[in-house]
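Chains as they are written, first to last, in numbering that gives the first Met the number 0: chain A, 0 to 157; chain B, 0 to 772; chain C, 0 to 278.
Each residue gets a CB set at the ideal place from its N, CA and C atoms; glycine is no exception.
Small disclaimer: the values here were computed from a predicted structure and weren't measured.
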Amino acid sequence: MTITLTINGLEKTFEIDPGEKLLEVLRREGYMSVKKGCGTGDCGACAILFNGRSVNSCLVFAAKADGGEILTVEGLATGEILHPVQTAFLAEGAVQCGYCTPGMVMTTVDLLTRNPDPTESEIREALSGNLCRCTGYVKQVRAVQRAAELMKDGGSHV
Amino acid sequence: MSNQAKKFATVGKSLRKVDGFALVTGKPEFVADLQLPDTLHIKILGSPYAHARITSIDVSAAEAMPGVACVLTHHNTPPHRHTTAGQGYPEPSPYDSRMFENKVRFVGDRVAAVAAETEALAEAALKLIRVQYEELPAVLSMDEARRDGAPVIHDETDSPGIYDASRNIVADVDIDVGDVKKGFEESDEIVEFTCETQYAQHTPIETHVVMSYLDSAHRLVLRTSTQVPFHVRRIVAQTLGIPMQQIRVIKPRIGGGFGTKQEVLIEDLAGLVSLRTGRPALLSLTRREEFDASRTRHPMRVRVKLGAKKDGRLHAIEMEATSNTGAYGSHGLTVLANTGSKTLPLYNKAPNAHFYGQAVYTNLPVGGAYRGYGATQGYFPLEMAMDEMAERLGLDPIELRRINHIQLGETSPIFEKLGEGREGVSQTMKSCELPRCIDIGAERIGWTKKRGKRLKVGSWVHGVGMSIMMQGSGIPEIDMAAATIKMNEDGSFNLLMGATDLGTGSDTILAQIAAEVLGVPLTKMIVTSSDTDLTPFDVGAYASSTTYVSGMAVQRTAEKVRDQIFGVAAPMLDVSAGELTLHDDAVFAPSGQSVGLDRVCQRATYETDQFQIGATASCVPHESPAPFLANFAEVAVNTETGKVKIVHYVAAVDCGVAINPHMAEGQMEGAIVNGIGYALTEEMILSSKGRVRNPSLFDYKIPGMLDIPPMDIILVESYEPTGPMGAKSVGEIGINGPIPTIANAIYDAVGIRLTETPFTPERVLKAIKTAAE
Amino acid sequence: MTNVQTYHRPSSLKDAWSLLSEKGKSAKLVGGGIDVALFAPPEVTTLIDLTELSQRSIELREGALVLGAGVTLTEMLESDVVADYLNGIVVHMLRQVASPLLRNVATLGGTLASTHPWSDVITLFLALDARVTQYAGEERTSSLADLLERRGTMDRAIITEVVLPAVATGTYASYEGFVRTEFDIAMLNCACRLTLNGSCSDVHIVFGGTPDIGHRAVAVEDALAGKTLSSEAIDAAAVIASESIPARDDVRASADYRRVLAGAGVRRCCQRIAQRVGE
C-alpha cells in the first residue's frame, strides 16, 4: 500500500507492506539513525518522534503513521550546526558507542519540548524506556540538564 | 585535571570524541547501515535440543524455495576445527568448533543456515528444513559434567586442546606458592566461603552483525561488529580454508561489545555465503539469539579459604574455581586462570597461596569473554572472606585491607606463576594509589559514621560495605599493538591503528596521545582504525589493553615522526635537531624562532630531500600494570520484601593518568552499572532441558535510568612510568566492584552473607528468614 | 508481521464493526498496535486501526471519569481531569506502566483488550469498578470484571468507552506494583479502593500478575470490612492475603515470593490510605 509521511519536514510518499513497522520503513528509506536493538519495544534504541511524541518505531505500524509527522535525528542538525541536545550530549561525554544515542536524543527532544525545566527525577522517568549498556546513564542525565540550559538561552550552537 | 596531566596540552583533557559528531547526528556508520544492492539475508536454524546427533538433514525443499540463494549444513561446509575465541595465535582455547557438525551441543547450536532475498523468506525457508535428531542425554550442570559415566559432550577425535574430553574438562589449572596446608595450620583464624555466580549476558544494544561482500578484486570483505578484526581475519581464513590475504576485515562504528564480540561468531557464515553466491550477505543476530547462541559470562563456583594471624596478616589463601564454559571451550582456560591471576596478587602479604580449578563443558549456552573476565567471579568470595575475617579478628574491614594489600614497589609470586592459562610474567607495582583510593572512598561514603549502625527507616535497614581490587593492563609478552602515522603537507596527520574502538573512545584517546607528542591539537589527527588492509596489527579490544598497549604503540610512532620532523626542520631553523621542541602546530628553536608544521611538511614533500614523513611502531608490553579500585556502597535492605536499594555508591580508581577524564569516568560508570545489574537483577534462567527461559530484555532485566543509585566516581591519579603519558587502564575493573561491595553492605545491614548472585529480593528475603530461625 | 495483507483505518464505528464482523478471526483491532505488533498470530491478515474513530475524550460526568477507548496512557497521565479523580490514583498507577515511549502509543482500549495478566491498568480498574462499553453492532456495557470472564471473545467487539464511577465521600484508593527493575511488568500488583468512615466499607482489593489476571481478593476484603484501618487490622488482612491469593511459580517470581508480595502489597496500600486519612 502507499503511505505519505512528513519526515523531518519533507513530505514523502512510498510503498510499504501493510504489516511493516516504521523502523523497517524508515531504514529502507535511508534514515539510518533509527537503530534496531531488540525489535520488541524493550530497549528504545529505535525511538523517533511521531506526531511530536517519542515512540518505539519497531512497534508502530507504518500504515498507522500515514499522514503523520516523523522526526528523526537526521532532522535535528542544520548542516554542521547541531541541535542543543546534540551539542549537550557531545559536550558532556554522554556518547560512548553511540548506538542508543539517536533514541536518547529524540526522547530528550520530546521531553524538553514539553518540559523545558525538568528535575533530575523527571529526566530519569522520561528516559526510562531508553536503555544503554555503555554509559551507566550518568553523563546522559547531565547532558539533558545541559541541553535544557542551552535551549533556555535560545542557543543552538556547535 | 590531574597534577600530571596539567603539564600536557591535549592529554588529560575531556575533549570531544573524534567520532562524536557522526554518532550524535546519526550518520550511517554501523555495520547494518551500509546498504548494498542484491544483499542476501541469512538466518540460522538452531537446535531445539541441548544434546543430540543430527541423523539426517534434508534441505531440498528449502533450497527449492524461490528467493533462496543457498542453504548451508554440515554436508556442504568446510570441516576445519577452530576456536571462536578472539585471542592471539596460537589461541589458548581448544579447537572444538566447526562451522556445522552432525552433532549439536546446546539449545540454539547451529544446525543449518539459509541465505535468501529477504529476512522473511530466509525464516520461511528455515521451516522447510527437515532434520532428524537422535536426542542424547544432556549434561546440565558442572557437577553432572564431571560425574563418572557422564555423557561426553566432545566425543569427537579431531578437537585438539581439550584437557580431558572424556571427563568434559576443558581446562585444568593448579599453581601454588609456599604450602597452604601448613599455612592454614599456622593460622590463628580461618574463614571459608563458597560463592556461585549466575549465567549473565552482555546485552550490547547492537547485536552481533556482519555484512560480507566481494570487492572488485574478488576479495572477501567482512564489515563486522567485532572487538578483534585481526583475529577474525585469521580465524575465518582457517575456518573456510582460504588464504588469509583473500580477506579484509573492517570494523566500523559498533554498538558495544563488553567481551561478547571478542569472538568470531558469525563472520564465517556470511563470508561463505558471499563466496558461494558472489553477493553481499547480511547476518544480524536477533536479541533472542544473543541470549541463546552468542556468548555469556561463565557461571562459576568459587571457594576461598583465608588463614590469618591475630595481627591481621594473611598467612594462607586458597582459591578453588569451577567454571561452566558451556558447550564449547572458548575462553574457558583463560577466564579460569584470570579468576586467580587478577585477584590473588592483591593480597601479596600471604606467603602461602594455592589456586586451582577446572573449566567444564556442559550442554548449556557458551561462556566467553565478559568484562572482568573471571576476576568478577573471583572477587566475590575473596572480598566477602576478607570482610568476615576482619570481623573475626576484631579489625575494621578497611584496616585488614591496608595491612595486606600490595603496595607501590611490591610484587607477588602469583604474577609469574599464573598468566593467561600458562605462566605469567613477573612484575613490581610501579604505580599504586590504592591507599589514597581507600581514604577518599571511605570518607565519601561516611564509613565510620555508618558502619555497624544499622539505621532503620520503616522496613528499610541501612548498611555500608567495601571492597578493593586490581586488574591488569593488557597481556604481557603476548599482546602486540602497532600504529602508523603519516604527515600531510598542511600539518595534519593520518593516524592508522589496528586498535578497536567499541564505543570506549579509543580512537579519541589514542589520537590525543599522538597529538600530545606531535604538538598539535586533536583536530589535526585524522583517525583510521581497525581495517586489516589499512591499519597495522593490533590484538583488539580486550584485557584492558587499548590505552596501555595500543597507546604505547601510538606514542612510539609519534615519537619517531617527531624525530623526522626535527630532522627536516633543523636546517630550516639553523639549529641542531636535538635543540628543537614541538608545540602549537610548529617547531621551535631555543631562540623562540619557529617554523609551522605545514611548512616543514611542504619542504619534505615537494622541495628538498623529499620523503614521506611517517613511521610505524609497535608495542609488546613487558608487564601488565594494575589499575586499583576501592569501592564503597551504602545499601538499604527491605526486611519485608528483601529488596536491596543502593543508596550511594562510591568508586575511587587509580588508572594512572586519565588520558581523557570523561572517557575514563564513562568506563567506570558503565562498568559499575553493568556490575550492579549482575549483582541484583540479571540472570539467565534455564529450563530443565537447558533452554533459556528469558531470552529477551523483557525478562532479563538490565538497569535503566530509574535504577541507578547516586554514584561518585573519583579518578585518583598516579603516574605509571611504563605507560603512555603515565596511563594504565580502566576498561574492566569497575564491573568487579558491585557484587562484593553490595554483599558486604548487606551483611552490615542485616547480618547475612549471601553467597549466590544475583541478590534478588527473593534470595535476600529467604536468607533473612533462614537466619532468623 | 509478514501475513498482514490489508491495513484499514475506518473513519466510523459502524465501518470498523462491519470490517471486524466480516473478517472474523483473521482480523485484529489496532489501538496503539503494540500487542498486535508483538503477539498477533499468523492467521491474522487484516488489521483494523481505530485511530480515526478519535475516541479521545476525557471528562468528568457527575463525578464519574469517562474515558474514550482511544486515549493513550500518556494522555491520561497528563490530564488534569484524570488527576482529579480519586486523589490521582490513576496517574499514580500509570507512572509505573511500561515506559513513556510505550505509553505514548498504547491506548486504554487496547490495554484492556490485551488482557495481560500482569497489567497494572486492569488490576486498578477492576478495583475501581470500571465499566466498559463495547460496540458489536449495538452497544453493550458491562463491568470490566464480567468482560474479563468472557475474555476469549474480548476482541470480537470494539471497546468504545470506559467509565470509572463516581465515589462516595470518604473513598480512597491506592496501588502497589512490585517489579525487578523500574522498567518492568509487575511480579505482582495490588490495588485497593475502600470507603472509610471510621470503619471500612465497600472494600475492593485486587491482585494481578499472581501470575493470573486481576481478581478480587474476597477473603481480604471481608477481613477489612467493618474494621478500622488500625495496624492490627492491616496486619491481619496482610496475612490473609499471603495465604489466600492463587499464586504460582513463573520465570519472574515463585509462588512463595508472590505470597510475600501480596502481604506487603496489602500492608502498603492500606497504610498509605490510613496516612492520607490521618492528614
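Practice task
Assign asparagine 188 (chain C) to one of three DSSP states: helix, strand, or coil.
Solution key: For the purposes of this step, residue 188 (chain C) is taken as residue 189 along the third sequence, with counting starting at 1. Three-state result, asparagine 188 (chain C): strand.
Handout entry: Reduced DSSP category for glutamine 131 (chain B) - H, G, I as helix; E, B as strand; rest coil
Key = In the second sequence, counting from the first residue as 1, residue 131 (chain B) sits at position 132. In the structure shown, glutamine 131 (chain B) sits in a strand (DSSP, three-state: E or B).
Exercise for the section: Enumerate in chain order the residues of its own chain whose CB-to-CB distance from tyrosine 677 (chain B) is below 6 Å, with the five nearest sequence positions on each side excluded. Expected result: Sequence index remark: in the second sequence, residue 677 (chain B) carries index 678 (1-based). Ala199, listed in sequence order.
Handout entry: For phenylalanine 49 (chain A), the first and last residue of its enclosing beta strand (DSSP E)
Key = For the purposes of this step, residue 49 (chain A) is taken as the residue at position 50 of the first sequence. Unbroken beta strand (DSSP E) run through phenylalanine 49 (chain A): 46-49.
Exercise for the section: Look up threonine 71 (chain C) in the DSSP assignment and give the residues it is bridged to. Expected result: As a position in the third sequence, residue 71 (chain C) is number 72, starting the count at 1. Note: threonine 71 (chain C) sits in a beta bridge opposite C:Thr106.
Handout entry: From B:Leu533, B:Ile645 and B:Asn337, residue whose alpha carbon lies closest to that of methionine 465 (chain B)
Key = The count along the second sequence starts at 1 and reaches residue 465 (chain B) at position 466. Methionine 465 (chain B) has its Cα closest to that of B:Ile645, out of B:Leu533, B:Ile645 and B:Asn337.
Practice task
Kindly indicate which residue of B:Phe565, B:Met210 and B:Val574 has the alpha-carbon position closest to the one of histidine 582 (chain B).
Solution key: Mapped onto the second sequence, residue 582 (chain B) falls at position 583. The shortest Cα separation from histidine 582 (chain B) among B:Phe565, B:Met210 and B:Val574 belongs to B:Phe565.
Problem - Within-7 Å CB hit, valine 180 (chain C) to chain B - result: In the third sequence, counting from the first residue as 1, residue 180 (chain C) sits at position 181. One point to set straight first is that residue 180 (chain C) is threonine, not valine, in the sequence displayed. It does: the Cβ of threonine 180 (chain C) has a partner Cβ on chain B nearer than 7 Å.
Exercise for the section: Give me whichever residues DSSP pairs with alanine 480 (chain B) in a beta bridge. Expected result: Along the second sequence, one-based indexing puts residue 480 (chain B) at 481. B:Asp537 and B:Cys618, per the DSSP bridge assignment.
Practice task
Could you tell me which chain A residues have their CB closer than 7 Å to the CB of glutamine 4 (chain C), listed as they occur along the chain?
Solution key: Taking the first residue of the third sequence as 1, we reach residue 4 (chain C) at position 5. Those are Pro17, listed as they occur along chain A.
Exercise for the section: Can you tell me which of B:Thr238, B:Glu289, B:Arg312 and B:Pro298 puts its alpha carbon nearest to the alpha carbon of glycine 331 (chain B)? Expected result: For the purposes of this step, residue 331 (chain B) is taken as residue 332 along the second sequence, with counting starting at 1. The shortest C-alpha separation from glycine 331 (chain B) is found at B:Pro298.
Handout entry: Cut-off 7 Å between Cβ atoms - residues of its own chain near alanine 15 (chain C), not counting five sequence neighbours on either side
Key = Start at 1 with the first residue of the third sequence, and residue 15 (chain C) comes out as number 16. Around alanine 15 (chain C): Pro9, Ile47, Leu49, Leu52 and Ile157.
Practice task
For proline 702 (chain B), return the contacting residues in chain C, with the cut-off set at a CB-CB distance below 7 Å.
Solution key: As a working mapping, residue 702 (chain B) is identified with position 703 in the second sequence. Per Cβ cutoff of 7 Å: Thr180.
Practice task
Pick out the complete beta strand (DSSP E) segments inside the region 457-524 of chain B, 3 residues or longer, and give them in chain order.
Solution key: 459-469, 480-486 and 492-496
Practice task
Pick out whichever of B:Ser293, B:Arg294 and B:Ala374 has its Cα sitting closest to the Cα of glutamate 319 (chain B).
Solution key: For the purposes of this step, residue 319 (chain B) is taken as residue 320 along the second sequence, with counting starting at 1. It is B:Ala374 whose Cα lies nearest to the Cα of glutamate 319 (chain B).
Exercise for the section: With DSSP collapsed to three states, give me the class of cysteine 431 (chain B). Expected result: The residue given as residue 431 (chain B) occupies position 432 in the second sequence. In the structure shown, cysteine 431 (chain B) sits in coil (DSSP, three-state: anything other than H, G, I, E or B).
Exercise for the section: Step through the CB atoms of chain A and report whether any lies within less than 7 Å of the CB of glycine 107 (chain B). Expected result: Mapped onto the second sequence, residue 107 (chain B) falls at position 108. So, not an interface residue.
Problem - Candidates B:Ala358, B:His461 and B:Thr342, of which the one nearest threonine 333 (chain B) by Cα - result: Walking along the second sequence from the start, residue 333 (chain B) turns up at place 334. Checking every option, the nearest Cα to that of threonine 333 (chain B) belongs to B:Ala358.
Exercise for the section: Report yes or no: is there a C-beta of chain B within less than 7 Å of the C-beta of tyrosine 256 (chain C)? Expected result: Reading the third sequence from its first residue, position 257 is the one you call residue 256 (chain C). Cβ-Cβ to chain B under 7 Å: yes for tyrosine 256 (chain C).
Handout entry: Alpha carbon of glutamate 184 (chain B) to alpha carbon of isoleucine 437 (chain B), nearest angstrom
Key = Start at 1 with the first residue of the second sequence, and residue 184 (chain B) comes out as number 185. Start at 1 with the first residue of the second sequence, and residue 437 (chain B) comes out as number 438. C-alpha separation (whole angstroms): 31 Å.
Exercise for the section: Can you check DSSP and say which residues form a bridge with methionine 210 (chain B)? Expected result: For the purposes of this step, residue 210 (chain B) is identified with residue 211 of the second sequence, where counting begins at 1. Partner(s): B:Arg222 and B:Leu281.
Handout entry: Close-in-space but distant-in-sequence residues of the same chain around glutamate 761 (chain B) (CB under 7 Å, 5 per side omitted)
Key = Position 762 of the second sequence, counted from the first residue, corresponds to residue 761 (chain B). Here the set comprises Gly641.
Practice task
Please confirm if isoleucine 707 (chain B) has its CB atom under 7 Å from at least one CB of chain A.
Solution key: Counting from 1 along the second sequence, the entry for residue 707 (chain B) is found at position 708. Taking Cβ atoms only, chain A reaches closer than 7 Å to isoleucine 707 (chain B), which makes this a yes.
Practice task
Taking 8 Å as the threshold, find out whether the region 175-190 of chain C comes into contact with the region 243-258 of chain C through three or more Cβ pairs.
Solution key: yes
Problem - Boundaries of the beta strand (DSSP E) in which glycine 306 (chain B) is found, first to last residue - result: The residue given as residue 306 (chain B) occupies position 307 in the second sequence. 299-307 is the extent of the beta strand (DSSP E) around glycine 306 (chain B).
Handout entry: Contact set for valine 157 (chain A): own chain, Cβ-Cβ below 8 Å, skip 5 residues either direction
Key = On the first sequence, residue 157 (chain A) is found 158 positions in, with the first residue counted as 1. The predicted position of valine 157 (chain A) is uncertain, since its pLDDT is 38 and thus under 50; no value can be drawn from it.
Practice task
Please decide whether valine 23 (chain B) counts as near chain A, where near means a Cβ-Cβ distance under 7 Å.
Solution key: Along the second sequence, read from residue 1 onward, the residue named residue 23 (chain B) stands at position 24. Closer than 7 Å to some Cβ of chain A, the Cβ of valine 23 (chain B) qualifies, so yes.
Exercise for the section: With a 10 Å radius around its C-beta and 16 neighbouring C-beta atoms as the bar for buried, classify phenylalanine 7 (chain B) as buried or exposed. Expected result: Taking the second sequence and counting its residues from 1, one reaches residue 7 (chain B) at position 8. Classification of phenylalanine 7 (chain B): buried, given that the 10 Å Cβ count is 16 or more.
Exercise for the section: Can you have a look at alanine 68 (chain B) and say buried or exposed, based on whether 16 or more other CB atoms are within 10 angstroms of its CB? Expected result: Start at 1 with the first residue of the second sequence, and residue 68 (chain B) comes out as number 69. When all chains shown are included, alanine 68 (chain B) counts as buried.
Exercise for the section: Compare the C-beta of proline 83 (chain A) with all C-beta atoms of chain B and state if any pair is closer than 7 Å. Expected result: Along the first sequence, read from residue 1 onward, the residue named residue 83 (chain A) stands at position 84. No, because no Cβ of chain B sits closer than 7 Å to the Cβ of proline 83 (chain A).
Exercise for the section: Below 7 Å between beta carbons is the criterion; list the residues of the region 20-53 of chain A that meet it against any residue of chain C, in chain order. Expected result: Lys20, Thr39, Gly40, Gly43, Ala46, Arg52 and Ser53
Exercise for the section: May I ask you to report which of helix, strand or coil DSSP gives histidine 156 (chain A)? Expected result: The residue you call residue 156 (chain A) lines up with position 157 of the first sequence. Low local confidence applies: a pLDDT of 46 at histidine 156 (chain A) is under 50, so the model's placement there is unreliable, with the coordinate-based value given in what follows. Of the three classes helix, strand and coil, the one that applies to histidine 156 (chain A) here is coil, per DSSP.
Practice task
Could you tell me if lysine 24 (chain C) is buried or exposed, where buried requires 16 or more neighbouring beta carbons within 10 angstroms of its beta carbon?
Solution key: Start at 1 with the first residue of the third sequence, and residue 24 (chain C) comes out as number 25. That one is exposed.
Practice task
Determine contact between the region 588-604 of chain B and the region 535-547 of chain B, defined as no fewer than three beta-carbon pairs at a distance below 8 Å.
Solution key: no
Problem - DSSP state of valine 265 (chain C) mapped onto helix, strand, coil - result: Residue numbering aside, residue 265 (chain C) sits at position 266 when the third sequence is read from its first letter. Note: valine 265 (chain C) maps to helix in three-state DSSP.
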